[in-house]
Amino acid sequence: MDFTLKVWRQKSAKDKGYFGTYQVKGISPDTSFLEMMDILNDQLVRENIDPVAVNKGCKSDGPVAFDHDCREGICGMCSLYI
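Just so it is clear: in the sequence shown, position 20 is 62 by this note's numbering, and no numbers are missing.
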């Protein structure tokens, strides 16, 4: 499956934000959302663009920050509104 991701990007709480648009292709139906974010991160690194961060509190320009811990749906840290 191919997806167009619109990712909210904002340097800090005081800075104005915007949606960045990214294409990810060839995603398996068995891929979780977090795995898809990892795939996007790898793609951005290969393209020499700021990677999507998956660590809480990232401050650099452009990263998407969200909490996750177990990645197994047990702790609930990775709950997202999609």
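Note that the Cβ used here is the ideal one computed from N, Cα and C, for glycine as well.
Residues sharing a beta bridge with residue i, DSSP
i     : result
Leu47 : Tyr64
Whether residue i touches residue j by CB criterion (8 angstroms)
i     : j     : result
Thr63 : Lys53 : no
Gln65 : Asp80 : no
For residue i, the nearest candidate out of the options (CA to CA)
i     : options             : result
Thr46 : Asp84, Phe61, Lys56 : Phe61
Neighbour flag for residue i against chain D, beta carbons, 8 angstroms
i     : result
Ile81 : In the structure shown, chain D cannot be found, because there is only a single protein chain.
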